[in-house]
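Right, one structure below, let's go through it.
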Amino acid sequence: MNSEAKCDKFTAINELARRRGYFWQSYEIYGGVSGFVTYGPLGAKLKQNIEAKLRELFVTKLGLLEIESSVITPGKVFEASGHVNHFKEPMVECLACNKRFRADHLLEEYAKQSCVETEKMSLKQIQKALEAHGIMCPECGGGFKPPQQFLTMFQTTIGPYSNATGYGRPEAAQGIFVEFNRLYAMAREKLPFGVIQIGHALRNEISPRQGLIRLREFTIADLEFFFDPEEPNCCLLKDVENETLRIYLAPERKACSEKIVEVTVKEAVAKQIIRSEWQAFFMAMAKKLLIEIGVPAENQRFIEKLPWEKAHYATQCFDQEVYVDRWGWIEVSGHAYRTDYDLDCHTKASGADLRVFKEYPEPIEQEQLVVKPVKAKLGPAFKGEAKKVAELLSNAPAEEVAASLEKDGYYMAENHKVLPEHVEVTHEKTVIRGKRFIPHVVEPSFGSDRLFYVALEYAYNVKDDRVVMGFPRAIAPTQLGVYPLVSKDGIDKKAREVHQQLLNEGFTAELDETGSIGRRYARADEAGVPLGITVDYDTLHDNSVTVRDRDSWRQVRTPIKSLPELLHKYFQGKLNFEDLGT
RNA sequence: GCGGUCGUAGUCUAGUUUGGCUAGGACAUCAGCCUGCCACGCUGACGACCCGGGUUCGAAUCCCGGCGACCGCACCA
């Protein structure tokens, strides 16, 4: 088992995960469905702890706002955001060999059409274009069935009688954008500010096959950070400016070079490698997060997306990648500069004003020509049409109306003849105190399940033919194991007391009294329990216990009464194992 | 969806070619004994042939269909 484990960690981890209750494929009794997993007791706790780390880093320390919105989303939202158009692909199937191809890719390759062109084409246009260019199956030369769209969002109907289309959200971000006005109010109407949402998202993948890496239902952590594009400087950049980032840049990728540049955050910004300071900041934070869940810096990198790889909303986009045994580099987070794309789309589609107001340092005074309808005269003159005429006058450019009155002695508001007596033309001074604009957004987006998987893979160690899950102590699902050395002579009773005390202190602690002590240590190692507390014969005399370190297997001796304080500090990272006793 | 490989207790697996099973083992789990710090002592218990159909006196084994897994193709905004 262990030699195989070295060959393929993915297999070993999946097996361990099932056996020990980290995660497994859902609905097994009905044969299982791929793309859905159940997190077991250890896994659920580990995932919570990883998400707690995310919250600690972004919510607690940076003061971002956290929200929770619904998964089912009215169709209008994703029509506005562009997902309905972009979350589907036109595909054709060969009549002869049944192979499937992306229709737009075929046109790009054989008809030399740009992806900008194919993007806009309807299915019928695609079919005609395929026929016009005589494109046949690249595999066998056969003809194609009519093209079909594959929508990768889960579609449903909201309510029993309505035919309102709803979608399972493929990202949590839109839940933030649509609530922008309220959230901006809660941020005390100040930029910059950020909102995070950690929740389930759904994507109907055609064929998900890589365990936790590609799921149909998964947990996403979308962070939307709003700022003024005219004040794009990041006030927190100093905190991370000397962090180094390993980046695989787009030009290198185009040249098929493997070259990774290693730059500090400061340099990346100065050299415009990363065009948004806030994006650079969050990339540094993402690196920190991954280190905290156990992935060393040298096994992380950022990869700049090529133009055709980028999401429809993004300008510059980086993926954070982690090296894993089975597939090499896999994406764990995406960092997109979404500009004002989403808020602009929702402004246009909903009619709601999602702009923010920015006061100028000095108010600007302007003199403006104003044409005011005189209601008292309009009424008798136009009777029932008066209201309409007034409206037409208000909407017409003042200069045009004034000029016409001056020159011709009247102004035609459609077919109504407006005379000078009907209006009052004045020069008014207006004071413009500021302007309205749509904030820009940088979005770091983490795949929680992928973070979970890489945490498992980097924790996975084999020591003396035993599996030891070396989770960083902050994310370990179980913090403490409590063991009676033997189950007799009152030692078992004492161990239960110690266990209860530790639970009362708020630790997650497991009591294990079966089997030999070595077996229990081994079992705890597989569950990644950082510390073992063993009650032995000496405990009965002097109230001290041994504390065992999961990673070094060393032991120290400590009085029971000092355990709570020492252990709290240990799990906060303020003490090392050696400091826990003698 | 396509092609290849595969599907036996919680896990790993023997048996499938050549039908004869009351399906064997190991680890894990549970109960009891034993215990003096790293899964290694003893006794016992629990527990499986992916689903459906067919062939046959008899199917884990052969045939067909379905489901699922792994690899490759495609897909992964």
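Each number in this note's numbering corresponds to the 1-based position in the first sequence with 256 added.
Glycine residues also receive a C-beta, built at the ideal position from the N, C-alpha and C atoms.
Checklist entry - Can you tell which of 670, 697 and 526 has its C-alpha closest to the C-alpha of residue 452? => result Mapped onto the first sequence, residue 452 falls at position 196. Checked all of 670, 697 and 526; the closest Cα to residue 452 is 697.
Item to check | Cβ-based neighbour list, residue 525, same chain, cut-off 6 Å, excluding 5 preceding and 5 following | outcome: Start at 1 with the first residue of the first sequence, and residue 525 comes out as number 269. Answer for residue 525: 533 and 536, listed in chain order.
Next on the checklist: For a minimum of 3 consecutive residues, which ranges assigned as the beta strand (DSSP E) are wholly contained in the stretch 473-501?
Outcome noted: 473-483
Checklist entry - Roughly how many angstroms lie between the CA atoms of residue 790 and residue 765, to the nearest whole one? => result Sequence index remark: in the first sequence, residue 790 carries index 534 (1-based). Sequence index remark: in the first sequence, residue 765 carries index 509 (1-based). Near 12 Å, if we compare the C-alpha coordinates of residue 765 and residue 790.
Next on the checklist: Rounded to whole angstroms, what is the Cα-Cα separation between residue 512 and residue 604?
Outcome noted: For the purposes of this step, residue 512 is identified with residue 256 of the first sequence, where counting begins at 1. For the purposes of this step, residue 604 is identified with residue 348 of the first sequence, where counting begins at 1. Each residue's alpha carbon lies about 41 Å from the other.
Checklist entry - Does the Cβ of residue 689 have 16 or more other Cβ atoms within 10 Å, making it buried, or fewer, making it exposed? => result As a working note, residue 689 is residue 433 in the first sequence. Residue 689 should be labelled exposed.
Checklist entry - beta strand (DSSP E) containing residue 700: first to last residue? => result Working through the first sequence from its first residue, we reach residue 700 at position 444. Taken as a continuous stretch (DSSP letters only), the beta strand (DSSP E) holding residue 700 covers 696-703.
Item to check | Residue from 479, 423 and 342 whose Cα sits closest to the Cα of residue 321 | outcome: Taking the first residue of the first sequence as 1, we reach residue 321 at position 65. It is 479.
Checklist entry - Are residue 763 and residue 707 close, meaning C-beta to C-beta below 9 Å? => result In the first sequence, counting from the first residue as 1, residue 763 sits at position 507. In the first sequence, counting from the first residue as 1, residue 707 sits at position 451. Result no, Cβ atoms of residue 763 and residue 707 do not sit closer than 9 Å.
Checklist entry - Going straight from the alpha carbon of residue 759 to that of residue 736, what length do you get? => result Your numbering for residue 759 matches position 503 in the first sequence. Your numbering for residue 736 matches position 480 in the first sequence. Using only the alpha carbons, I get a separation of about 10 Å.
Item to check | Strand pairing of residue 347, partner residues [DSSP] | outcome: The residue you call residue 347 lines up with position 91 of the first sequence. According to DSSP, residue 347 bridges with 358 and 404.
Next on the checklist: At 4 residues or longer, what runs of the alpha helix (DSSP H) sit wholly inside the stretch 511-581?
Outcome noted: 521-526 and 533-548
Item to check | DSSP beta-bridge partners of residue 717 | outcome: Locating residue 717 in the first sequence gives position 461, counting from the first residue. Residue 717 is bridged to 724.
Checklist entry - If you count every other CB in all the chains shown that lies within 10 Å of the CB of residue 781, and 16 or more means buried, which is it? => result On the first sequence, position 525 is the one that residue 781 refers to. So residue 781 ends up on the buried side.
Checklist entry - Mind pulling the alpha helix (DSSP H) runs of 4 or more residues that sit fully within the stretch 778-829? => result 793-798 and 819-827
Checklist entry - What is the C-beta distance between residue 336 and residue 606, in whole angstroms, given that I count them as a contact (C-beta under 8 Å)? => result By one-based count along the first sequence, residue 336 stands at place 80. By one-based count along the first sequence, residue 606 stands at place 350. With 8 Å as the limit, residue 336 and residue 606 qualify as a contact, their Cβ atoms being about 7 Å apart.
Checklist entry - Looking only at its own chain, which residues have a Cβ that is under 8 Å from the Cβ of residue 307, when we skip the five neighbours before and after it? => result Against the first sequence, residue 307 aligns to sequence position 51. Counting only Cβ-Cβ distances below 8 Å, and skipping sequence neighbours, we find 454, 475, 477 and 704.
Next on the checklist: When you measure from the CB of residue 624 to every non-hydrogen atom of the ligand ATP, does any distance come out below 8 Å?
Outcome noted: The ligand ATP is absent from the structure shown, which contains no ligand whatsoever.
Checklist entry - Among the residues of its own chain, which have a CB less than 7 Å from the CB of residue 517, if the five just before and after it don't count? => result Within the first sequence, numbered from 1, the residue matching residue 517 stands at position 261. So the list reads 503 and 505, once near-sequence residues are dropped.
Next on the checklist: In this structure, how does DSSP classify residue 252 when only helix, strand and coil are distinguished?
Outcome noted: With the chain represented from 257 up to 838, any question about residue 252 goes unanswered, as that position is not in the structure.
Checklist entry - Can you name, in chain order, every residue of its own chain whose Cβ lies under 6 Å from the Cβ of residue 892, other than the five neighbours on each side? => result It is not possible to answer for residue 892, since the shown part of the chain is limited to 257 through 838.
Item to check | Cutoff 6 Å; reference residue 813; Cβ partners in own chain excluding five residues on either side | outcome: Start at 1 with the first residue of the first sequence, and residue 813 comes out as number 557. Within its own chain, the residues whose Cβ lies closer than 6 Å to the Cβ of residue 813, once the five positions on either side in sequence are excluded, are 800, 802, 837 and 838, listed in chain order.
Item to check | Cα-Cα separation between residue 657 and residue 596, rounded to whole angstroms | outcome: Counted from its first residue, the first sequence places residue 657 at position 401. Counted from its first residue, the first sequence places residue 596 at position 340. Roughly 36 Å between the two C-alpha positions.
Checklist entry - What does residue 614 pair with, by DSSP beta-bridge criteria? => result Translated into positions along the first sequence, residue 614 becomes position 358. Beta-bridge pairing links residue 614 to 691.
Item to check | Spatial distance of residue 542 from residue 711 (CA atoms) | outcome: For the purposes of this step, residue 542 is taken as residue 286 along the first sequence, with counting starting at 1. For the purposes of this step, residue 711 is taken as residue 455 along the first sequence, with counting starting at 1. Approximately 14 Å, taken between the alpha carbons.
Checklist entry - Taking just the CA atoms, how far does residue 315 sit from residue 268? => result Taking the first residue of the first sequence as 1, we reach residue 268 at position 12. Taking the first residue of the first sequence as 1, we reach residue 315 at position 59. Spanning the two alpha carbons is a distance of roughly 35 Å.
Next on the checklist: Three or more C-beta pairs under 8 Å: does that hold for the stretch 721-736 against the stretch 643-654?
Outcome noted: no
Checklist entry - Can you tell me whether residue 793 is buried or exposed, with buried defined as 16 or more other CB within 10 angstroms of its CB? => result In the first sequence, the residue the question calls residue 793 occupies position 537. Classification of residue 793: exposed, given that the 10 Å Cβ count is below 16.
Item to check | 7 Å CB neighbourhood of residue 839 in its chain, flanking five on each side removed | outcome: Look at the range of the chain in this structure, 257 to 838, and you will see that residue 839 is not part of it.
Item to check | Cross-strand partners of residue 455 (DSSP beta bridge) | outcome: Walking along the first sequence from the start, residue 455 turns up at place 199. Per DSSP, 476.
Checklist entry - Roughly how many angstroms lie between the CA atoms of residue 547 and residue 312, to the nearest whole one? => result In the first sequence, the residue the question calls residue 547 occupies position 291. In the first sequence, the residue the question calls residue 312 occupies position 56. The straight-line gap from Cα to Cα measures roughly 14 Å.
Checklist entry - Would residue 795 be called buried (16 or more neighbouring beta carbons within 10 Å of its own) or exposed? => result As a working mapping, residue 795 is identified with position 539 in the first sequence. The residue in question, residue 795, is buried, as its Cβ has 16 or more Cβ neighbours within 10 Å.
Checklist entry - For residue 747, does the count of other Cβ atoms within 10 angstroms reach 16, so buried, or fall short, so exposed? => result Working through the first sequence from its first residue, we reach residue 747 at position 491. Residue 747 comes out buried.
Next on the checklist: Give me, in chain order, the residues of the same chain whose beta-carbon lies closer than 8 Å to that of residue 519; leave out the 5 immediate sequence neighbours on both sides.
Outcome noted: Here the question's residue 519 lines up with position 263 in the first sequence. Here the set comprises 500, 501, 503, 527 and 529.
Next on the checklist: Closest to residue 559 by C-alpha separation, out of 577, 570, 319 and 552, would be which residue?
Outcome noted: Counted from its first residue, the first sequence places residue 559 at position 303. Nearest of 577, 570, 319 and 552 to residue 559, Cα basis: 577.
Item to check | Coarse secondary structure for residue 392, derived from DSSP in three states | outcome: Locating residue 392 in the first sequence gives position 136, where the first residue counts as 1. Correct three-state label for residue 392: coil.
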